[in-house]
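Asker:
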Amino acid sequence: MNTDDTTLPAADREVDARGLNCPLPILKAKKALADMDSGQVLKVRATDPGSLRDFQAFSRQTGNALLAQQTLDDGEMVHLLRRR
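Using the working numbering, you'd call the opening residue of the sequence shown number 47 and step up by one each time.
(1) Mark K77 as exposed unless 16 or more other C-beta atoms lie within 10 angstroms of its C-beta, in which case mark it buried.
(2) Go through the stretch 52-118 residue by residue and report every complete run of the alpha helix (DSSP H) that reaches 4 residues or more, in order.
(3) Identify whether R128 lies in helix, strand or coil by the three-state DSSP scheme.
(4) Rounded to whole angstroms, how far is the Cβ of L98 from the Cβ of Q115, which I believe are closer than 8 Å?
(5) Would L127 be called buried (16 or more neighbouring beta carbons within 10 Å of its own) or exposed?
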C-alpha cells in the first residue's frame with residue numbers, strides 16, 4: 047500500500063522508531079495510539095524492513111486503520127494509522 051506524500055492525511059502525532067527493530071516500533075506506536083483520540087492519525091517512521099508486515103498485522107489485530115505505508119528512497123518506511 048504505497049501512496050505519495052501529497053495524498054496522505056496530516057498526522058496528529060509522529061513517532062520516530064528509526065533504528066529500532068521489532069517489536070519496538072509496534073510498541074511505540076501502541077503507546078502513542080493509547081494517548082490519542084478516535085479518528086486521529088499517527089505517523090510512524092521506521093527503518094526495520096519487517097515493520098511493513100508488522101504494521102499490517104497490528105492493524106488487523108487492533109482495529110486501527112492502516113491508511114498508508116511508504117518506503118522512501120533512503121530505505122525509511124512511513125506508516126500512517128488512524129486510531130479506532
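Glycine included, each C-beta is placed from N, C-alpha and C at the ideal position.
Answerer: Once the coordinates are examined:
(1) exposed
(2) 70-80, 97-108
(3) strand
(4) 6 Å
(5) buried
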